[in-house]
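Working notes, beginning with the structure itself.
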Amino acid sequence: MQHARSLVHTSTQPIRWGDMDAVGHVNNTVYFRYMEQARIEWLISVRADWESHKGFGPVIVNASCTFLVPLVYPGEVEVRMYVGDPGRTSIGSFYDLLMGGKKYAEGAAKIVWIDLATGRSAPLPDVVTAPLRAATAKPVERSVPLTDLD
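By the numbering used here, the letter at position 53 of the sequence shown is numbered 43, and the numbering carries on one by one without gaps.
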């Protein structure tokens, strides 16, 4: 099943020798790091930096990854980040991890904006929602099909 999501960021990251585990492929925990790096790059690109929003920031309340094919060193992983419609305090983010145009994994994470002092959810700042509203007004189909797990 295909879902329309808005592509908001693409990140190319090197696969490092240290990303590998004893089995000879990229360790499962590292996939979450690749997604995290793409997410942080995107937040910085929309100027959702923590300095300008003192006391507020993003947290991840859940994250998942479906491993389709093992990534191995050497190489570069391309992480495509998509988002759905923003809610009042949260946004769903979705990821395709590719190498050489082939999808190796897909993931998701729910981003919630919080008041860092109280730990309670807070409205997403305009610097996050404005580009999202513009992006979600023109959804794109994922260029790489999802698995039947989605």
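Glycine included, every Cβ here is placed at the ideal spot set by N, Cα and C.
{"Item": "Three-state class that DSSP yields for alanine 98 in the structure shown", "Value": "strand"}
{"Item": "Residue range of the unbroken beta strand (DSSP E) whose run includes arginine 70", "Value": "65 to 73"}
{"Item": "Beta carbon of methionine 25 nearer than 8 Å to that of tyrosine 85", "Value": "yes"}
{"Item": "Tryptophan 7 classed as buried or exposed, judged by whether at least 16 other C-beta atoms fall within 10 angstroms", "Value": "exposed"}
{"Item": "Glutamate 68 classed as buried or exposed, judged by whether at least 16 other C-beta atoms fall within 10 angstroms", "Value": "buried"}
{"Item": "Rounded Cβ spacing between isoleucine 104 and arginine 110 (contact assumed at less than 8 Å)", "Value": "6 Å"}
{"Item": "Simplified DSSP state of arginine 23, which is helix, strand or coil", "Value": "helix"}
{"Item": "Assigned exposure category for glutamate 96 - 16 Cβ within 10 Å defines buried", "Value": "buried"}
{"Item": "Among Thr0, Pro4, Leu61 and Asp11, the one whose alpha carbon lies nearest that of isoleucine 30", "Value": "Thr0"}
{"Item": "Cβ pair count under 8 Å reaching 3, the segment 13 to 27 against the segment 73 to 80", "Value": "no"}
{"Item": "Per DSSP, the bridge partner or partners of asparagine 52", "Value": "Lys100"}
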